[in-house]
Amino acid sequence: MSDPVRVAVVGGGYGSKVALPVYAELEEFQPVAAWSRRPERARELAEQAGLELGTADLDELLRFPGLEAVHIATPVVTHREFAGAVVDRGLHLLCEKPLADDLAAAREISTASRRAGVVAAVNYGRRFEETRRRLLQRGREVLGSPRLASVSLVFADHADPRSRPWTWVHDATLGGGRLQGYGVHDLDLLLELFPDVEAVAAATEVTVAQRIADDGELRPVSAEDTFAILLRFRGGGLGVVSFVATARHDRGDVVEIHGAEGTVRLDADGRLSWGRSGEELQVEGPLSSSPQEAFKHVARRFWASIREGAAPDPSLDEALRVQALFDAVRTADVERRWVRPERVAG
């Protein structure tokens, strides 16, 4: 690739585990810098990835010579500030999901990026995992209007206070919780098939109230590790999204969607079944659910948007659509009532 995009990664979690390795692998990109709030972590990231700069100074990173694009992978409550700084510099933006901590902040990011004339996209990459990509493809072919759509995730990695260390993900004030980590991907999946949600109800729980920190002390957990969402689609049909991170036995993802014309089903082993009314279900798989392979699609589309003028995928309009539904879910949980998502143009 003769014209790679010079990119920096802001954030030492997902950014270091998935984004940086993928950018380094793809010929479309040249990763040049990394940011972390801790200087020693920033230097470590740069050394491990062979980058020219590792810094805890965001302004220093954004001034880096020849920098063209920035990937933001920091706590959700920082997205508005960091994204604003990126686009104000005229740099292209790829932001982790959700775009912001609420719809108003997400709209600010969207407006600022459009005014700056830069490419901006959001990493709803799970829809590009082979399992979910094929489910969406088959669903569009056979389902018709919705009757019942169910997405259920069962993990055991947070079952005990010492099973996973405390991070910002366990702090509600930083935008943590499993809704932002996993739930928004599942809402995005359902919106791809059935975009018109009339109302939602929701409940969340913190079922393991403490978690071990790096200093060996137990710290309180304020962000949910368990949730259940009920969606009512306009014109008929229901959706159910549930998640638990503290189960005693792991199972993984199960997606089952029943429509007026047919069925699609993804089991926990990655096997996909689908069929129209009156037909035997066909089966393929097991299929891959690699986050790295899924992110490659997002990254390559980001490059094409920058270099060739292609539309970002996922786009900011799609991010705003999920954000509106995410906000409604949060409100429904707090106020314990059905909530209508705000309509988002685009």
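Counting from 94, one number per residue, gives the positions in the sequence shown under my numbering.
Beta carbons are placed, not taken as given, at the ideal position from N, Cα and C, and that holds for glycine.
Note that the structure is predicted; figures quoted are calculated from it, not measured.
- Query: To the nearest angstrom, how far is it from the Cα of Gly352 to the Cα of Leu241?
  - Reply: 7 Å
- Query: What span of residues does the beta strand (DSSP E) with Leu186 cover, start to end?
  - Reply: His185 to Glu189
- Segments of 3+ residues assigned as beta strand (DSSP E) that fall wholly inside the stretch 309 to 391: 311 to 313, 319 to 326, 331 to 337, 345 to 352, 355 to 359, 365 to 369 and 375 to 377
- Item | 7 Å CB neighbourhood of Leu228 in its chain, flanking five on each side removed | Val348, Val357, Leu359 and Leu365
- Taking all protein chains shown into account, decide if Leu413 is buried (16 or more other Cβ within 10 angstroms of its Cβ) or exposed. buried
- Task: Using the DSSP secondary-structure output, state which residues sit across from Ile165 in a beta bridge.
- Result: Val103 and Cys188
- Measure the CB-CB distance between Arg173 and Ala149 and report whether it falls below 8 Å. no
- Exposed unless 16 or more other CB atoms sit within 10 angstroms - verdict on Glu428: exposed
- Item | Coil, strand or helix - Thr300 by DSSP | coil
- Query: Looking at the unbroken beta strand (DSSP E) that takes in Phe157, where does it start and where does it end?
  - Reply: Taken as a continuous stretch (DSSP letters only), Phe157 belongs to no beta strand (DSSP E), as it is neither H nor E.
- Taking only the alpha-carbon atoms, compute the straight-line gap between Glu377 and Arg226 and give it to the nearest angstrom. 13 Å
- Classify Pro124 as helix, strand or coil using the three-state DSSP reduction. strand
- Between Glu140 and the ligand GTP, is the CB less than 7 Å from at least one heavy atom? Here there are no bound small molecules, and the ligand GTP is not part of this structure.
- Beta-carbon contacts of Ser335 that lie in its chain and below 6 Å, excluding the five residues immediately before and after: Ser245 and Ala321
- Ordered along the chain, which non-local residues of its own chain (more than five positions away) have a Cβ less than 6 Å from that of Ala397? Ala403
- Item | Sequence ranges, alpha helix (DSSP H) only - wholly within the stretch 179 to 242, length at least 4 | 196 to 209 and 223 to 235
- Val415 versus Val277 - alpha carbon distance: 7 Å
- Top-ranked residue by Cα proximity to Leu196, from Trp431, Ala438, Ala417 and Asp426: Ala417
- Got a sec, what are the start and stop residues for the beta strand (DSSP E) Leu146 sits in? Leu146 to Thr148
- Query: In three-state terms, what does DSSP make of Val244?
  - Reply: strand
- Can you give me the start and stop residues for the alpha helix (DSSP H) that Asp307 sits inside? No alpha helix (DSSP H) contains Asp307, which DSSP labels as neither H nor E.
- Does the beta-carbon of Glu140 have 16 or more other beta-carbons within 10 angstroms, so that it is buried, or is it exposed? exposed
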